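Asks: First the structure, then my questions, so here it is.
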Amino acid sequence: MPRLKPFCAPWFPADEEIAAALLSAPFDVERSARAEPLAQRLLAAVRAPEGIGHIERLMQEYSLSTREGVALMALAESLLRVPDDSTLDRLIADKLAAGAFDRHAPVSDALLVQATAFALGVSTKIFAADETPRSLVAQAARRLGAPALRSAARQAMRLMGDHFVLGETIEEALANASADSRWRYSFDMLGEGARSAADAERYFQSYASAITAIGAKAGARPLPDRPGVSVKLSALHPRFEPLSQERVLRELTPRLLELARLAKIHDLAFTIDAEEAERLELSLDVIDAVVADPSLAGWDGFGLAVQAYQKRAAAVIDHIEALAEAHDRRFMIRLVKGAYWDTEIKRAQERGLADYPVFTRKAMTDLNYAACADRLLAAPRIFPQFATHNALTIATIVESARDPSTYEFQRLHGMGAELYAALLDEEKRARCRVYAPVGPHRDLLAYLVRRLIENGANSSFVARAADAATPQSELLAPPRAIIGDAMRARHSRLPLPSDLYRPLRANSKGVEFGDRRACDALLAERDAEHNRLRVAAPSYGKSGVAPRDLRSPIDAALIGSVVEADAQTARDAMAAAARAFPAWEATPVEARADIIERAADFIEARRGLFIALLQDEGGKTLDDALAEVRESADLCRYYAGQARRLCEEKALPGPTGEDNRLRRRGRGVFVCISPWNFPLAIFIGQIVAALVAGNAAVAKPAEQTPLIASEAVALLHEAGVPHEALHCLPGDGALGAALIGDANVAGVVFTGSTAAAQSIHRALAASTGPIVPFIAETGGVNAMIVDSTALLEQVVDDVIASAFRSAGQRCSALRLLCLQEDIAQDALAMLIGATRELRIGDPRDPPTHIGPVIDDTTKARLCAYLAQRHAEGRVLYAGAAPESGSFVAPHIVRLDRASDLREEIFGPILHVATWRAQKDEDFLTLVEDIAANGFGLTMGLHTRIETRIRALAEATPAGNLYVNRNMIGAVVGSQPFGGSRMSGTGPKAGGSDYLRRFLREETVTINTASFGGDARLLAMKE
């Protein structure tokens, strides 16, 4: 049997190219004319008073463009999972206030809208018109009683759930489905992706039980007129991610095959749901492996969903058609528009991709959907399933296919019933399958909100059809007419990822690990730089210190050697930098900025070199190493842009006859002392900030990572920085002290431990020379607070990244997790399960999640700390680490109180404490306990209560507060990084004020009237 090559297609071809091809394709004018009357009748049926469904009325009543709509979505997303009454009361009050529901009287008389209005306190039968949002819950509780109000809110959310979920169990769903024989059904067992092996097993059993139950009730009709089940691959494996491809294929393929065989026994439809673009190639790898199994031969029920908003949709269809041909099979393809558009846009921007993997205009998605529909209808081995609520799309497909038995339509349960009822009344042989979620209402929250946002957006046909103000001509305009010209294929207000931060800077170039070709190219560049012995030495002078071997923290392999600077070399380098300073400062700022931007280009061009060094010398995983390369380039471009703005001479206001000018100039020689945990980004960031501001720089890298520093300085010299203006001096703390004590020092920038920063501070204070700036960024006991409104799956993802990524060796890493006691047990169970799935080992292997700590000394210190916690019985989870190398496994340690953690434990060790949320002051008391540790670097919060977010923003001492996301990876210019108190001096690195500390200000005032009067004033016209 021929074996197909793995799926591979260009990730982001230009929208204009695709649009040009689609617009130039033959267009069937007669078909369009035939389809229009049917589309008009379908639209009329939808817009009839009885045709607008409950969900459509709800979206019309509470549009997502209103505060009330956003508040309703937030309430729907979180309310049912809140177990405790005190937090529930705060959540309801918060959303009532946020949405101003006291000023919103419902227009619709639909049951769902009225019930929602009731629960939100907008019904005039319950609340008086003059009540304020903040008093709504308190007054309602007095009138109804707090339990009654909570019950009403929960009941309204459950009512919303009833409209989207066919049943809370598969048995209930089957019973409900049997009540109306017009529809075919595909049952979707609700739930988020698996975080642990236990999650994956639970979802597997749920799917298997559903298939058995559905099969028992399926009757005797042949496919495609049989029910089916939809399967989410990420629910069946806890690490369903591109870099874990080998593991996923090894572990997930047999499990999916087992389910497929079970579905074949009952001759059911079995559809693999579509997920994010980064998982497409991996999904198709799994599908290819499963369908190749001979046990599935002769069964036509296997299928998958294809997203028309993806630019690779047509390529996926071609691949599945070739797969069907190779195995002499027939497959089902569910063509959908796509439900993760905003996520795909954000991910492409964050990752610095060349373009988006999805279309940025809804009309382009519609145009591509029509082209994909034609492709499917022309494929003899494909049974098309068209999932759409768009009247024009439906009518066009009806006219294109002619024979209704060769395809089916699909709709979401709770939506589109009236639309498709009208179609089935006209087209008696047409068939429609209902995509029907099944599961407890608590599990539907993420699904529900995603669907409401997707269909409630202003560009959605569903939302616009429910709006009587939208004319029929707009709703039924063909997408090719809306696009018109290929140059209008893009959204005019959505910049390319590379242009996100312009005009100040370009976004750094990243890699999508789900793009096989891009990932392979990156690894090839890196591999070409591995296994080379390198030498680091002072870039100025000649040291008398003997070379020292450098060994990798991964396996103690020899990777090079370093010659460290001695005291005389330090003095000579500082003197040389002082001599070079005047000429460098006199270089126009535009020229200095150009050099630094050129260095950014060089960093990106040599990403393979720096990734190899960051892994060999720094022990970094592939994603961490790439992120650091990108951050280094971003810092160069950002500081270059800031320097152009800050160093431009500015005129200042003043009286007539006087000219006032402000100039910013360099200070002299800056000593730059950087750490080993970001040996490229922080090292480069300090240096280029000093240089672009007009200073000379002498840099001392960390003892553990001089090779990276040596290459970085060589690159800066090659980019155009004068050799005399920048020197790299490898060495230990004693060398740093010598540099700081040198008479030529004009400023010190430091990142490292609090103790070292305090030592530098004392040394500078004791100096009898000039008072110089000291910029310090140190560590912190960084905490994250989680309340019971948070989505635990999101919390676990963010905690794992914040605590264990980079082996916990980030200044911003999460050290203390504070869980509301009402959810602590469930949260810890999920967190421990997810931590077990992390792979610890050689970071040069792409699937590795956690590499080594920096050296054996650090390992010994962390192990000693853990031994003490073990002896106290406080270790909740202890991972397993490789015996060789400087590895420390992730650990989770229990604390009695948040205030018990007073020191930064710099490694993959997470401490957990619980807190009560009975009274309003409990939250601020917790914040005070955390603040008592004296640090103030980063802090996190997971909550859906906006007043709680505002309260923490006011009370936290942290320099960076992250809400409902992870706490690491501060983006240059967007999240300036740095803290206060024992966490640093400021200003924040990567922020608009950072360069100011490297500059001295000079004001020049000239009495222009001293030459006989103010000529300009005298010549001024009336």
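Residue numbering for the sequence shown is 2 to 1023, as defined by the working numbering. Backbone N, C-alpha and C define an ideal beta-carbon position, used for all residues, glycine too. Quantities reported herein were computed from a predicted structural model and do not represent experimental measurements.
Quick one: is Pro225 near chain C, going by C-beta distance under 8 Å?
Replies: The question asks about chain C, but that chain is absent: this structure has only one protein chain.
Asks: Measure the alpha-carbon distance for Arg664 versus Phe671 and round it to whole angstroms.
Replies: Each residue's alpha carbon lies about 20 Å from the other.
Asks: Hey, Ala933 and Cys819: beta-carbon distance below 8 Å or not?
Replies: No, these two residues do not count as a Cβ contact at 8 Å.
Asks: Write down the C-beta distance between Ile1007 and Asp660 rounded to the nearest angstrom, noting that I regard them as a contact closer than 8 Å.
Replies: Correct: roughly 5 Å between the Cβ atoms.
Asks: Could you spell out the range, first to last residue, of the beta strand (DSSP E) harbouring Gly667?
Replies: Here the beta strand (DSSP E) through Gly667 covers Glu659 to Gly667.
Asks: My understanding is that Glu586 touches Gly511, with C-beta atoms under 8 Å, so please give their C-beta distance in whole angstroms.
Replies: That belief does not hold up - the Cβ atoms of Glu586 and Gly511 are roughly 35 Å apart, past 8 Å.
Asks: Helix, strand or coil for Ala116 per DSSP?
Replies: Only weak support exists for where Ala116 lies, its pLDDT of 44 falling under 50; the coordinates are left without a value.
Asks: Between which two residues does the beta strand (DSSP E) containing Glu778 stretch?
Replies: Counting along the chain, the beta strand (DSSP E) containing Glu778 begins and ends at Phe775 to Glu778.
Asks: With 16 as the cutoff for other CB atoms within 10 Å, does Ile19 come out buried or exposed?
Replies: Ile19 should be labelled buried.
Asks: Mind the definition here: the stretch 611–619 touches the stretch 526–538 only if three or more C-beta pairs lie below 8 Å; say whether that holds.
Replies: Judged by Cβ distances under 8 Å, the stretch 611–619 makes contact with the stretch 526–538, as three or more pairs qualify.
Asks: In the structure shown, what three-state DSSP assignment does Cys520 receive?
Replies: If DSSP states are grouped into helix, strand and coil, Cys520 belongs with the helices.
Asks: Just to confirm the assignment, what range does the alpha helix (DSSP H) spanning Met575 have?
Replies: Looking at the DSSP string, the run of the alpha helix (DSSP H) that includes Met575 is Ala568 to Ala587.
Asks: Which one of Val928, Asp189 and Arg430 has the shortest CA to CA distance from Val232?
Replies: The shortest Cα separation from Val232 among Val928, Asp189 and Arg430 belongs to Asp189.
Asks: Can you check which of these residues, Asp375, Ala217, Pro239 and Asp319, is closest to Pro27 by C-alpha distance?
Replies: When each option's Cα is compared against that of Pro27, the closest is Asp375.
Asks: For Gly834, does the count of other Cβ atoms within 10 angstroms reach 16, so buried, or fall short, so exposed?
Replies: It is buried - the Cβ of Gly834 has at least 16 other Cβ atoms within 10 Å.
Asks: Please tell me whether Leu285 and Phe8 are closer than 8 Å, where the distance is taken between their beta carbons.
Replies: Result yes, Cβ atoms of Leu285 and Phe8 sit closer than 8 Å.
Asks: When you compare each of Ala581, Gly781, Ala211 and His328 to Pro228 by their alpha carbons, which one comes out closest?
Replies: Considering only alpha carbons, the answer is Ala211.
Asks: For Gln821 and Gly941, what's the separation of their Cα atoms in angstroms?
Replies: Distance between the alpha carbons of Gln821 and Gly941: 14 Å.
Asks: With 16 as the cutoff for other CB atoms within 10 Å, does Glu1003 come out buried or exposed?
Replies: Exposed.
Asks: Please report how far the alpha carbon of Ile288 lies from the alpha carbon of Pro472, in whole angstroms.
Replies: Approximately 43 Å between the Cα atoms of the pair.
Asks: So Ala1028 is in the beta strand (DSSP E); what residue range does that whole segment cover?
Replies: Here the chain comprises residues numbered 2 to 1023, so residue 1028 is not present and cannot be evaluated.
Asks: Let me check one thing: in DSSP terms, what residues is Pro385 bridge-paired to?
Replies: Bridge partners of Pro385: Ile334.
Asks: Name the residue from Leu1018, Asp486, His492 and Ala918 whose alpha carbon lies nearest to the alpha carbon of Leu92.
Replies: Of the candidates Leu1018, Asp486, His492 and Ala918, the one whose C-alpha sits nearest the C-alpha of Leu92 is Ala918.
Asks: When burial is assigned at 16 or more other CB atoms within 10 Å of the CB, is His724 buried or exposed?
Replies: So His724 ends up on the exposed side.
Asks: Within a Cβ cutoff of 8 Å, which residues of the same chain sit near Cys373, ignoring the five residues on either side of it in sequence?
Replies: For Cys373, where only same-chain residues beyond five positions count, the Cβ hits under 8 Å are Val307, Ala309, Ala314, Ala315, Ile318 and Leu336.
Asks: Please specify which runs of the alpha helix (DSSP H), each continuous and at least 4 residues long, are wholly inside the stretch 845–913, giving them in chain order.
Replies: Listed in chain order, they are 857–872.
Asks: If Val249 sits next to His238, beta carbons under 8 Å apart, how far is it from one beta carbon to the other, in whole angstroms?
Replies: With 8 Å as the limit, Val249 and His238 qualify as a contact, their Cβ atoms being about 6 Å apart.
Asks: Closest to His328 by CA distance: which of Ser245, Gly299, Glu427 and Ser993 is it?
Replies: The residue with the shortest Cα to Cα distance from His328 is Gly299.
Asks: How would you call Ala120, buried or exposed, if buried means at least 16 neighbouring beta carbons within 10 angstroms?
Replies: Caution is warranted here: a pLDDT of 45 is assigned to Ala120, below 50, making its placement in the model unreliable, and the coordinate value is therefore given only provisionally. Buried.
Asks: Would you kindly check if the distance between the Cβ of Ser803 and the Cβ of Asn967 is under 8 Å?
Replies: For Asn967 and Ser803, yes; Cβs fall inside 8 Å.
Asks: Which of helix, strand or coil does DSSP assign to Asp923?
Replies: Asp923: helix per DSSP, three-state reduction.
Asks: Return the chain-ordered list of same chain residues with a C-beta closer than 7 Å to the C-beta of Ser296, the five sequence neighbours on each side being excluded.
Replies: Excluding positions up to five away in sequence, the list reads Arg262.
Asks: Out of Val693, Ala606 and Val166, which one is the CA nearest neighbour of Leu996?
Replies: It is Val693.
Asks: Is the Cβ-Cβ distance between Pro385 and Tyr421 less than 8 Å?
Replies: Cβ atoms of Pro385 and Tyr421: not closer than 8 Å.
Asks: DSSP three-state label for Tyr186, please.
Replies: In the structure shown, Tyr186 sits in a strand (DSSP, three-state: E or B).
Asks: Considering Cα atoms alone, identify which of Asp921, Glu884, Val928 and Ile910 is closest to Ser900.
Replies: Ranking the options by Cα distance to Ser900, first place goes to Val928.
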